[in-house]
Structures are given as C-alpha cells and as structure tokens.
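To convert a position in the sequence shown, counted from 1, into the working numbering, add 41.
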Amino acid sequence: LVMFCEDPISDAENIFLGWVVPLHGKGFLKQKQLRLKLTDQFKPTDLAVLKNGDLIILERMHNDTDTSFRLEMVPFNHIHAMSHEEAIVPACIAQGWKHPDNLVDNMEGLSVDYIDGDQAIRLSLISDDNFSSHQKTVLLVFEVDKVDELIRFGQENSIFEAHSLSDQSSTSALSSNMLFIIVGAAFFLVGLSVGVGITLIVLRIKARRSADARYENIMEMTRGDFGDLMDDRHAGL
C-alpha cells in the first residue's frame with residue numbers, strides 16, 4: 042500500500058509525506074516513510090503502480106487563473122534507496138496546458154491497464170465536477186506503446202534531493218510541548234482562581250451565620266446569603 046498526503050508539510054516547501062505499508066509480507070520488510078518534492082503548485086491526487094513497482098503519480102493544480110494536471114514517475118528502486126535525509130523529485134512524463142481557458146479540469150483519478158501482451162499500457166484519468174457549474178467531469182485516455190522506454194525514462198530523470206525533517210520535527214515538537222504547557226498552566230490558574238473564590242465565599246457566609254449553622258455542600262447556601270455578601274462588597278467599594 043502506497044499513500045501520500047495531498048497537502049505539503051509546510052507552506053515554504055512543496056514536500057509531501059508518503060508511506061509504503063506492507064500488506065502481505067512481501068517486498069518491503071517494514072513500513073517506510075517517503076518524501077516527494079513537487080513544483081509549480083502541483084499536489085498529488087492519485088497514483089497507480091506498474092508491474093515492476095514503479096509509481097505513476099497524478100498531480101493537479103488550481104488557482105485563480107490556471108488549472109492543470111501532470112503525470113510523474115517514481116522508480117521502485119528509488120523508493121528502496123531513499124534515505125531519511127532525502128526527498129524524491131519524480132520524472133515528469135506528461136503535463137496539461139496551464140491556462141484559464143484550459144478544457145482539461147483538475148484530474149483526480151488514475152488507473153493503469155496493460156495491453157498488447159504487457160508491452161504497452163493504457164492510462165485513464167478522470168475529473169469530478171463536484172456539482173459545480175465551473176468544473177467539468179472529464180475522462181482522458183492515453184496509451185504508451187513501449188512501456189519499457191517509459192520505465193527507462195523514469196529511471197533516468199527521477200532524482201534525489203537532500204532534505205531532512207529532523208530540524209523541522211524538533212521545532213514542531215518543541216512548539217507542541219510549549220503549547221501544552223501554556224494551556225495546562227492556564228487551566229490550572231483558572232481552576233485555582235475558582236477554587237479560592239468559592240472557598241472565600243463559603244468562609245465569609247459561614248462567618249455571618251450562627252455557630253450552629255453548617256453547610257454540608259455549597260448548594261445549601263441561600264440566595265439571601267449571597268445577596269448580603271454582594272451588598273457588603275459594594276459597600277466596601
């Protein structure tokens with residue numbers, strides 16, 4: 042099982058976290074985290090796996106002026122070889138025209154089918170109009186006659202770039218810890234203030250009542266007691 046987040050880890054970097062999770066005990070011996078570096082505001086929206094394990098990733102982009110899609114490849118051996126200090130920059134194999142009048146909407150679904158005795162593949166892409174008059178449901182179909190050449194192109198053009206999450210993770214963890222400390226301290230001070238306030242009210246009311254008057258709980262305090270207490274406070278001001 043291969044999956045990627047559709048949002049980057051930060052606004053400053055177009056790095057997307059992903060994971061490879063073994064399902065049947067084959068291939069990867071354990072779960073592995075991936076980092077995918079994309080450009081030009083593209084985000085991963087779907088992917089398909091070739092028989093050799095290579096990934097074809099469907100990406101989309103949309104802003105106030107442009108809409109487009111892109112197909113990129115990540116070789117299987119790059120997934121295996123990627124270290125914790127690197128991110129994969131996939132190889133671009135197709136990209137839609139960026140323009141406000143682009144008839145191709147932001148594509149969201151991808152499937153791969155082998156044809157001609159596994160020598161070629163058919164790529165099917167689909168978009169959803171989301172019940173909006175500004176979007177369209179579009180089905181696109183492409184065929185790659187020589188899948189071996191496509192795989193070779195992905196191997197030659199997909200690269201690694203140095204990237205470490207250690208500093209960012211440490212900063213994020215520190216920020217989270219500070220937030221927990223601040224929130225915890227705020228709740229403690231609020232609880233302390235409420236507790237001290239209730240205690241002072243109880244002691245004041247008890248002092249005003251006779252020695253025989255005792256309260257089993259705060260609910261036994263009468264409206265008159267609180268009224269007298271408030272009057273005394275206003276008089277003191």
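No residue lacks a Cβ here, since even glycine has one placed at the ideal position from N, Cα and C.
Small disclaimer: the values here were computed from a predicted structure and weren't measured.
Per DSSP, what are the beta-bridge partners of residue i in this structure?
i: residue 97; result: 89, 114
i: residue 60; result: 44, 74
i: residue 184; result: 163
i: residue 204; result: In the DSSP output, where bridge partners are listed per residue, residue 204 has none listed.
i: residue 102; result: 109
Quick one: Cα of residue i to Cα of residue j, how far?
i: residue 215; j: residue 222; result: Low confidence applies here, because residue 215 scores a pLDDT of 47, under 50, leaving its location unreliable; read the following figure in that light. Roughly 11 angstroms between the two C-alpha positions.
i: residue 44; j: residue 168; result: 19 angstroms
i: residue 146; j: residue 161; result: 26 angstroms
i: residue 80; j: residue 156; result: 32 angstroms
i: residue 6; j: residue 127; result: Here the chain covers residues 42 to 278 and nothing more, so residue 6 does not appear.
i: residue 190; j: residue 197; result: 11 angstroms
i: residue 152; j: residue 220; result: 43 angstroms
i: residue 245; j: residue 233; result: 18 angstroms
i: residue 123; j: residue 204; result: 11 angstroms
i: residue 158; j: residue 51; result: 43 angstroms
i: residue 93; j: residue 116; result: 9 angstroms
i: residue 176; j: residue 237; result: 60 angstroms
i: residue 178; j: residue 150; result: 11 angstroms
i: residue 56; j: residue 84; result: 10 angstroms
i: residue 188; j: residue 88; result: 17 angstroms
i: residue 174; j: residue 104; result: 16 angstroms
i: residue 118; j: residue 143; result: 35 angstroms
i: residue 235; j: residue 243; result: 12 angstroms
i: residue 133; j: residue 62; result: 25 angstroms
For residue i, count the other beta carbons within 10 Å of its own beta carbon; 16 or more makes it buried, fewer makes it exposed. Which is it?
i: residue 193; result: exposed
i: residue 231; result: exposed
i: residue 148; result: buried
i: residue 110; result: buried
i: residue 229; result: exposed
i: residue 226; result: exposed
i: residue 199; result: buried
i: residue 185; result: buried
i: residue 141; result: exposed
i: residue 239; result: exposed
i: residue 86; result: buried
i: residue 31; result: Because the chain in this structure spans residues 42 to 278, residue 31 falls outside the shown range and cannot be described.
i: residue 19; result: Because the chain here runs from 42 to 278, residue 19 falls outside it and cannot be looked at.
Can you tell which of the options has its C-alpha closest to the C-alpha of residue i?
i: residue 182; options: 135, 44, 47; result: 135
i: residue 75; options: 190, 49, 176, 177; result: 49
i: residue 95; options: 86, 114, 101, 79; result: 114
i: residue 100; options: 129, 91, 123, 137; result: 137
i: residue 58; options: 81, 91, 97, 129; result: 129
i: residue 106; options: 42, 233, 82, 189; result: 82
i: residue 180; options: 196, 163, 122, 187; result: 163
i: residue 195; options: 140, 91, 166; result: 91
i: residue 73; options: 235, 166, 120, 170; result: 120
i: residue 98; options: 47, 64, 143; result: 47
i: residue 60; options: 132, 112, 125, 108; result: 125
i: residue 64; options: 131, 172, 42; result: 42
Legend entry - Continuous alpha helix (DSSP H) assignments of at least 4 residues falling wholly in the region 112 to 181: 117 to 122
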